[in-house]
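Colleague:
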Amino acid sequence: MMKNYTTILFLILGYLAVAQQDYQANGNSGFGGFFGNSSLNVTNDGTTISFSLTSQNTGFNDGFVFYFDTGAAGRNVIDTDVEDTGDSGRRAISNADDQGNGSIVTFPTGFEASYAVHVDSDFAGIFQIPSTGTVGMNELVFVNSANLDYNDGTVVNFTINFSDLGLEATDSFDFLGVYGNSGNAFTSNEGYGLSSAIADNIGGDDFSFENAFTYASTASVADDLKTNLKVFYNSNGLNFRGYQGTASIQVYNTLGQRVFDLRSKELMNSTIIPARLSGGNMYIVKVSTPTSTVTRKIVVK
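Following my numbering, the numbering of the sequence shown begins with 183 at its first residue and continues without gaps.
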């Protein structure tokens with residue numbers, strides 16, 4: 183499976199190793215900081231993805247949701263079409279409005295949530311999010327338990343099999359997360375990919391995530407910086423983020439024809455390269471350095 187817009191790294195050169203990556207929450211503490219003042223370690227053994235969230239604070243009194251973009255068709259917005267109140271996990275994922283606190287949740291450009299995991303102090307569950315149509319009572323598809331390991335401390339562990347997300351062991355995914363009251367969908371300002379500038383709890387207001395994180399299931403020891411490269415296309419052209427250095431860039435259409443070629447371009451952490459690509463098509467973006475080659479699939483609407 184290839185990841186639309188931002189993920190799936192094909193590391194052509196370099197030694198490949200099982201990836202262990204760490205991520206930091208936004209630092210906010212509207213609900214006491216258990217989630218906002220935490221870090222997340224993600225690793226895998228080729229079958230199972232292990233998540234270990236370590237907080238600076240005690241008081242895991244609410245629940246958190248991580249949304250996953252796996253490359254499968256998903257939703258860029260969780261709006262009133264998604265209103266599953268079958269249980270607390272489904273209510274939290276839907277950010278349902280049955281108790282007056284529902285929010286319309288907008289993900290970053292290119293991020294389509296196809297799965298989510300809801301975790302509270304008693305249970306962790308994986309759900310599939312239908313990509314189209316309305317989603318009512320119990321229509322978020324329960325996939326599997328996420329094997330919660332929590333003992334009233336500051337560390338929350340849970341696991342997900344690659345197969346639970348429709349992935350192979352070499353696939354990558356994007357994710358982001360938010361913390362709130364799972365019983366009534368009142369949302370805090372604590373999150374992963376949620377702006378630290380949100381001073382107050384969100385409550386029932388609509389909100390947008392600022393960015394997503396990428397987990398690459400394999401990482402190159404020789405070139406691990408390249409695992410941070412993100413590519414997407416908008417009206418300004420090709421957008422490159424997360425990598426700084428000189429690279430050559432080629433874009434190919436689905437017939438294998440090269441439609442864009444730029445050699446020895448200096449990429450900064452955020453670089454826009456003017457390029458005209460026809461809408462309604464899929465393209466492969468190839469980014470090459472002297473030590474590695476990375477490809478991305480993008481869809482131009």
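C-beta atoms are modelled at their ideal positions from N, C-alpha and C, and glycine is treated no differently.
Please state if the CB of G424 and the CB of N410 are separated by a distance shorter than 8 Å.
Modeller: yes
Colleague: Threshold first: 3 residues or longer. Then list the beta strand (DSSP E) segments lying entirely within the stretch 278-354, N to C.
Modeller: 297-301, 306-310, 323-327 and 337-343
Colleague: Three or more C-beta pairs closer than 8 Å, one from the stretch 256-272 and one from the stretch 221-236: is that the case here?
Modeller: no
Colleague: By DSSP, does T475 sit in helix, in strand, or in coil?
Modeller: strand
Colleague: Going by DSSP, name the residue or residues bridged to D443.
Modeller: Q432
Colleague: Find the nearest neighbour of F246 within the set Q238, D280 and D304, judged by alpha-carbon distance.
Modeller: D304
Colleague: Taking 8 Å as the cut-off, does the stretch 412-432 touch the stretch 441-448 (at least 3 CB pairs, one atom from each stretch)?
Modeller: Contact holds: three or more Cβ-Cβ distances are below 8 Å.
Colleague: Apart from the five residues just before and just after S470, which ones in its own chain have a Cβ nearer than 7 Å to its Cβ?
Modeller: A429 and S430
Colleague: On the three-pair Cβ rule with 8 Å, is the stretch 274-290 touching the stretch 379-387?
Modeller: yes
Colleague: Should P290 go down as buried or exposed, given a rule of 16 or more other Cβ atoms within 10 Å for buried?
Modeller: buried
Colleague: Can you find the residues in the same chain that come closer than 6 Å, C-beta to C-beta, to T316, ignoring five residues on each side of it along the sequence?
Modeller: D263
Colleague: Return helix, strand or coil for T369, following the three-state DSSP convention.
Modeller: strand
Colleague: So what's G209 in DSSP terms, helix, strand or just coil?
Modeller: Residue state, collapsed to three classes: coil.
Colleague: To the nearest angstrom, how far is the alpha carbon of R272 from that of R257?
Modeller: 16 Å
Colleague: Compare the C-alpha of V338 against each of M464, K483, N223 and S474 and name the closest.
Modeller: N223
Colleague: Would you identify the three-state DSSP class for I380, choosing helix, strand or coil?
Modeller: coil
Colleague: Nearest by alpha-carbon distance to D204: which of K412, T396, I480 and T453 is it?
Modeller: T396
Colleague: Within 10 Å of its beta-carbon, does S474 have 16 or more other beta-carbons around it, so buried, or fewer, so exposed?
Modeller: buried
Colleague: May I ask which residues mark the beginning and end of the alpha helix (DSSP H) holding S276?
Modeller: S270 to S276
Colleague: Check for me: the beta strand (DSSP E) holding V264 runs from which residue to which?
Modeller: Neither: V264 is in no beta strand (DSSP E) and is coded neither H nor E.
Colleague: Would you grab the beta carbon distance between N329 and F344 for me? Rounded to a whole angstrom, and I think it's under 8 Å.
Modeller: Contact between N329 and F344 is ruled out by a C-beta separation of about 14 Å, above the 8 Å threshold.
Colleague: Quick check: what's the CA-CA separation for V467 versus G212?
Modeller: Answer to the nearest angstrom: the Cα atoms are 40 Å apart.
Colleague: By the three-class DSSP mapping on this structure, what secondary structure does T252 have?
Modeller: coil
Colleague: Nearest-angstrom Cα distance between M450 and G214?
Modeller: 36 Å
Colleague: Ordered along the chain, which non-local residues of its own chain (more than five positions away) have a Cβ less than 7 Å from that of G522?
Modeller: Because residue 522 is not part of the residues shown, which for the chain are 183 to 483, the question remains open.
Colleague: Under 8 Å by Cβ, that's how I've got Y415 and L358 pegged, so tell me the actual separation to the nearest angstrom.
Modeller: 21 Å between Cβ atoms; not a contact.
Colleague: On the DSSP letters alone, give me the boundaries of the beta strand (DSSP E) that N463 sits inside.
Modeller: N463 to S470
Colleague: What number of angstroms, rounded off, separates the C-alpha of I480 from the C-alpha of S354?
Modeller: 15 Å
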